[in-house]
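Here's the structure, in structure tokens; my notes come after.
Protein chains in written order, with the numbering used here: chain A, 4 to 178; chain B, 906 to 1061.
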């Protein structure tokens, strides 16, 4: 009897491990939370895209729930998600852009061609703010609450479905 | 001969430029220890974008930025742990090829040790059981039964 139980232990262990590893196989390593989740928006000091004399810092993100979108003229998916961002801005959601690794001329061209949903764009030509945000490929979108704490992170293209199913509920949640 | 020499020089130039365009910069270090630390650090971090390349092996722009940052922090005199923390704060535990020991990774680091200990325990128990069995002498009844079995096999 004891021996049988012991023999049974082996296939049970095997099945358990097989299930565990099988689940691991179906995980997508690119779907991972930002390291900045639930932390304060990193301190920064920069000029804005439109005005090289206007200086902004992290206090820009205090007081209201804000969507921060990291974009660049060189980034094709950023162009595709502009209609969705314009729609979000229409719904009275405060939008701030980070013009990432770009030039002023190209950034302005982009905005006049694809529309400008942003209250202001932080100009980040060297990608310093992007680095502190852990950005590794534009577009990326962060939801920052009224206290300046990062509450949600969306990596990559924002589809109309993402707006309905993820972004809008998150905005409501933190308002 | 002169032609050969020009060709060789040209070839060297092409190779040199090719290496530079490959995305891995040539960096100058005053101190060979620091150079070694730079190579170890950049080999121990995973590129967040390309997933299965170390940042010292990757052409992705973010890997270039990360190498540059490692270099800067080394020049500022930060320790390896400080540099690793600096990167993990921004890009997450994900970038470490060797996950750190913390409550989330106890199972990962502990399981192999636990399994070795379990195996040792099983071996000890087996040896003991065997010793006990051989030490036990057979009773008269058992001896009779064994003889009977042996004889039956022989006679058949």
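Virtual Cβ for every residue (Gly too), placed ideally from N, Cα, C.
- Judged by beta-carbon spacing, residue 174/A lies beyond the 8 Å limit of residue 125/A, meaning their Cβ atoms are not closer than that value.
- Near chain A, meaning a CB-to-CB distance below 8 Å, the residues of the segment 991-1016 of chain B are 993, 994, 995, 996, 997, 998, 999.
- A distance of 8 Å or more separates the beta carbons of residue 1035/B and residue 38/A.
- Relative to the Cα of residue 154/A, the nearest Cα in the group 21/A, 30/A, 40/A belongs to 40/A.
- For the pair residue 951/B and residue 999/B, the CB atoms are nearer than the 8 Å cut-off.
- Excluding five sequence positions before and after residue 48/A, the CB atoms of its chain that fall closer than 7 Å to its own CB belong to 58, 60, given in chain order.
- By the 16-neighbour rule on beta-carbons within 10 angstroms, residue 66/A is exposed.
- Between residue 953/B and chain A, the shortest Cβ-Cβ separation is below 8 Å.
- The beta carbon of residue 75/A lies closer than 6 Å to those of 103, 104, 105, 141 in the same chain, with the five residues before and after it left out.
- DSSP, read as helix, strand or coil, puts residue 15/A in helix.
- Beyond the five residues adjoining it in sequence on each side, residue 130/A comes within less than 8 Å, by CB distance, of 103, 104, 138 in the same chain, given in chain order.
- The segment 50-107 of chain A contains, as complete beta strand (DSSP E) runs of 3+ residues, the segments 58-60, 69-74, 97-103 (chain order).
- Listed along chain A are 32, 33, each with a C-beta nearer than 9 Å to that of residue 956/B.
- A distance of 8 Å or more separates the beta carbons of residue 133/A and residue 89/A.
- Classified as exposed, residue 982/B has fewer than 16 neighbouring CB atoms from the shown chains inside 10 Å of its CB.
- Of the candidates 944/B, 1031/B, 949/B, 909/B, the residue whose Cα lies closest to the Cα of residue 1005/B is 949/B.
- Considering only beta carbons, the part of the segment 129-151 of chain A lying closer than 7 Å to chain B consists of 130, 134, 135, 137, 139, 140, in chain order.
- Interface residue (Cβ-Cβ distance to chain B less than 8 Å): residue 80/A is not classified as such.
- The C-alpha of residue 985/B is placed about 40 Å away from the C-alpha of residue 53/A.
- Under a criterion of Cβ atoms nearer than 8 Å, no residue of chain A is adjacent to residue 988/B; the nearest Cβ is some 14 Å distant.
- Residue 135/A is not a Cβ neighbour of residue 101/A, given a cutoff of 8 Å.
- When Cβ-Cβ separations below 8 Å define contact, residue 974/B makes contact with chain A.
- In terms of beta-carbon proximity, residue 964/B stays away from the interface with chain A, with every pair separated by 8 Å or more.
- If you compare the alpha carbons of 83/A, 42/A, 110/A, 92/A with that of residue 997/B, the shortest gap goes to 42/A.
- At a cut-off of 8 Å between C-beta atoms, residue 960/B does not count as an interface residue with respect to chain A.
- Taking a C-beta distance under 8 Å as the contact criterion, residue 99/A and residue 149/A do not qualify as a contact pair.
- In its own chain, leaving out the 5 sequence neighbours on each side, no residue places its CB closer than 8 Å to the CB of residue 1049/B.
- Taking the beta carbon of residue 970/B as reference, the chain A residues within 8 Å of it are 130, 134, listed in sequence order.
- Between residue 156/A and residue 170/A, the gap from beta carbon to beta carbon reaches 8 Å or more.
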